[in-house]
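J.: Residue numbers (the working numbering): 118 to 171.
The C-beta atom is built at its ideal place from N, Cα and C for all residues, glycine as well.
These numbers come from a predicted model, not from an experiment.
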């Protein structure tokens, strides 16, 4: 899945920030993917207050 998602995400970030270096685009893409992975993992294990009102 990484091979499918990462290039598209990196391209989108590079287009949104054309002044960013390739390393910055790579880092931003990885941070976003890892944050999404963390959220999906926590949600799957009912660790997030999904149904609670604020």
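Residue 126 and residue 150: beta carbons closer than 8 Å?
T.: Indexing the chain shown from 1 puts residue 126 at position 9. Indexing the chain shown from 1 puts residue 150 at position 33. It is a contact, given that the beta carbons lie within the stated cut-off.
J.: Helix, strand or coil for residue 167 per DSSP?
T.: Here the question's residue 167 lines up with position 50 in the chain shown. Of the three classes helix, strand and coil, the one that applies to residue 167 here is coil, per DSSP.
J.: Please say whether residue 123 and residue 138 have beta carbons closer to each other than 8 Å?
T.: Taking the chain shown and counting its residues from 1, one reaches residue 138 at position 21. Taking the chain shown and counting its residues from 1, one reaches residue 123 at position 6. Result no, Cβ atoms of residue 138 and residue 123 do not sit closer than 8 Å.
J.: Cβ of residue 131 within 8 Å of Cβ of residue 148?
T.: One-based indexing of the chain shown puts residue 131 at position 14. One-based indexing of the chain shown puts residue 148 at position 31. The answer is no: Cβ separation not under 8 Å.
J.: If you run the structure through DSSP and keep just helix, strand and coil, what is residue 162?
T.: As a working note, residue 162 is residue 45 in the chain shown. Coil at residue 162, not helix or strand.
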